[in-house]
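Visitor: Take this structure first; my questions come after.
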Amino acid sequence: NAGVTQTPKFQVLKTGQSMTLQCAQDMNHNSMYWYRQDPGMGLRLIYYSASEGTTDKGEVPNGYNVSRLNKREFSLRLESAAPSQTSVYFCASSEARDRNYGYTFGSGTRLTVV
Amino acid sequence: SQKIEQNSEALNIQEGKTATLTCNYTNYSPAYLQWYRQDPGRGPVFLLLIRENEKEKRKERLKVTFDTTLKQSLFHITASQPADSATYLCSPKISSGSARQLTFGSGTQLTVLP
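First to last, the sequence lines map onto chains A and B.
If you count the first sequence from 1, you need to add 151 to reach my numbering.
If you count the second sequence from 1, you need to add 140 to reach my numbering.
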C-alpha cells in the first residue's frame, strides 16, 4: 500500500542516549516533514525537506538533526535524548505542486525518554 | 504571534445530528486551510482542503466553510455516526512555498453517541 512508513513504532531511551527515527515514502513526493505531537499542543514542525538535498528548521528544531537520504527517505536523529523529547513523532510527505491534496502522515513513533 | 484555536477540547453529539467544529486563526492570511481526522494511536488523515477564494466545499457528509473576514473555518459533519468519533485538526497554510507556515490546531475531540 502506498504511504509513509515509520520505524520503530515504540522506543524507550535513557537520558543521553541517541537514536534515529526512520521514515520512507513511496508516493514520489518531493517534500517531507517531521512533527512532534504532545497533549494539548497540537502538531509542531521540527524539520522539513522541501526537496531532495535540502533541509530546513521548523518551529522546534533544538536537540534534533535530520538527513534527507534520498527522495524516499527522511530520518530524524536525537543525539542526546532528554525527557522533554518524550513525545509522539510523525513523519509526513506532500507534493507541493499538487495543491489539491494535503499531507500524508505515517502512523507515528511513540518515544519515551527516562 | 500566529495562533490557531479550535473550539472546546471535546464535543459530544447524538447520532444523526450535525456536528459543527470551529477553527479560528489570528495573525494569518492563509491561502488555504486543511482539515484532518486523527484516530487514537494513528497519524492524521487528510480530509478536505478549501482555498481562500472558496466559500464552501463539500465531500459526502462533510462540509467546510472559510470566512477570511472572520478568520474562521467551520467543519460540519451531517448525519453523524459513531464511526465519525475522532479528533479533528485544522491547518491554515500560507501560500505555497514555506512549510514553516503549515501549523496545526490542537484539535477537537468529537464523540458521536449512539
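C-beta: ideal position from N, C-alpha, C; glycine also.
Keep in mind that this is a model prediction, so the values were computed, not measured.
(1) For the region 193–236 of chain A, which segments carrying the beta strand (DSSP E) assignment without a break, of at least 3 residues, lie completely within its bounds, in sequence order?
(2) Opposite I160/B in the DSSP bridges: which residues?
(3) Check whether the Cβ atoms of D224/B and V185/B sit closer than 8 Å, and answer yes or no.
(4) Is the beta carbon of L187/B less than 8 Å from the beta carbon of R177/B?
(5) Once DSSP output is grouped into helix, strand and coil, what is the label at P222/B?
(6) Restricting to Cα atoms, I'd like to know which of T166/B, A219/B, L173/B, Q154/B is closest to E192/B.
(7) Return the CA-CA distance between R201/B and T255/A, expressed in angstroms with no decimal places.
(8) Kindly list the residues whose CB is nearer than 6 Å to the CB of R168/A, restricted to its own chain and excluding five residues on each side of it in sequence; keep chain order.
(9) Excluding the five sequence neighbours on either side, which residues of its own chain have a C-beta within less than 7 Å of the C-beta of E156/B, listed in chain order?
(10) What three-state label does DSSP hand D207/B in the structure shown?
(11) Cα-Cα, which of S238/A, E224/A, Q173/A, N216/A is closest to E230/A?
(12) Taking 8 Å as the threshold (beta carbon to beta carbon), is L210/B in contact with chain A?
(13) Determine which residues share a DSSP beta bridge with D179/B and list them.
(14) Name the residue from G253/A, S235/A, R187/A, F241/A whose alpha carbon lies nearest to the alpha carbon of T166/A.
(15) Hey, out of E145/B, A150/B, W175/B, D207/B, whose CA is closest to C230/B's CA?
(16) Can you tell me the Cβ-Cβ gap for L214/B and T160/B, rounded? I've got them flagged as a contact below 8 Å.
(17) From K203/B to Q212/B, what does the alpha carbon distance come to, in whole angstroms?
(18) On a Cα-Cα basis, can you pick out the residue from M183/A, M178/A, F161/A, V264/A that is closest to A243/A?
(19) Please check if any C-beta of chain B sits within less than 8 Å of the C-beta of Y252/A.
(20) Measuring only between beta-carbons, confirm whether M178/A sits less than 8 Å from chain B.
(21) Name, please, each residue of chain B whose Cβ falls closer than 9 Å to the Cβ of F256/A.
(22) Around the C-beta of P232/B, are 16 or more other C-beta atoms found within 10 angstroms, so that it is buried, or is it exposed?
(23) Strictly below 9 Å CB to CB, what residues from chain B border F225/A?
Guide: Let me spell this out:
(1) List check, beta strand (DSSP E) in window: 193–200, 215–219, 225–229.
(2) Rather than Ile, the amino acid found at residue 160/B in this sequence is Thr. T160/B is bridged to H216/B.
(3) At a Cβ-Cβ threshold of 8 Å, D224/B and V185/B do not count as neighbours.
(4) A contact, by the Cβ cut-off of 8 Å.
(5) In the structure shown, the three-state DSSP call for P222/B is helix.
(6) Taking only the C-alpha atoms, the option nearest E192/B is L173/B.
(7) Rounded to whole angstroms, R201/B to T255/A spans 22 Å at the Cα level.
(8) The sequence shown places Gln at residue 168/A, rather than the Arg named in the question. Excluding residues up to 5 positions away in sequence, A232 lie with their Cβ nearer than 6 Å to the Cβ of Q168/A in the same chain.
(9) The sequence given here has Gly at residue 156/B, not Glu. Contacts found: A219, S220.
(10) In the structure shown, D207/B falls within a strand segment according to DSSP collapsed to helix, strand and coil.
(11) For the residues S238/A, E224/A, Q173/A, N216/A, the minimum Cα distance to E230/A belongs to N216/A.
(12) Put simply, the CB of L210/B is far from chain A, with every gap to its CB atoms at 8 Å or more.
(13) In the DSSP assignment, D179/B is bridged to no other residue.
(14) Sorting G253/A, S235/A, R187/A, F241/A by C-alpha distance to the C-alpha of T166/A places S235/A at the top.
(15) Each of E145/B, A150/B, W175/B, D207/B was checked against the Cα of C230/B, and the nearest Cα belongs to W175/B.
(16) Right, their Cβ atoms sit about 6 Å apart.
(17) Distance from the CA atom of K203/B to the CA atom of Q212/B, rounded to whole angstroms, is 14 Å.
(18) With distances taken between Cα atoms, A243/A lies closest to M183/A.
(19) True, the Cβ-Cβ gap to chain B drops below 8 Å.
(20) No, no contact with chain B.
(21) Taking a Cβ-Cβ threshold of 9 Å, the residues of chain B close to F256/A are Y176, Q178, R182, G183, P184, V185, F186, in chain order.
(22) Burial call: buried.
(23) Ordered by position in chain B, no residue passes the 9 Å Cβ test against F225/A, which lies about 12 Å from the chain.
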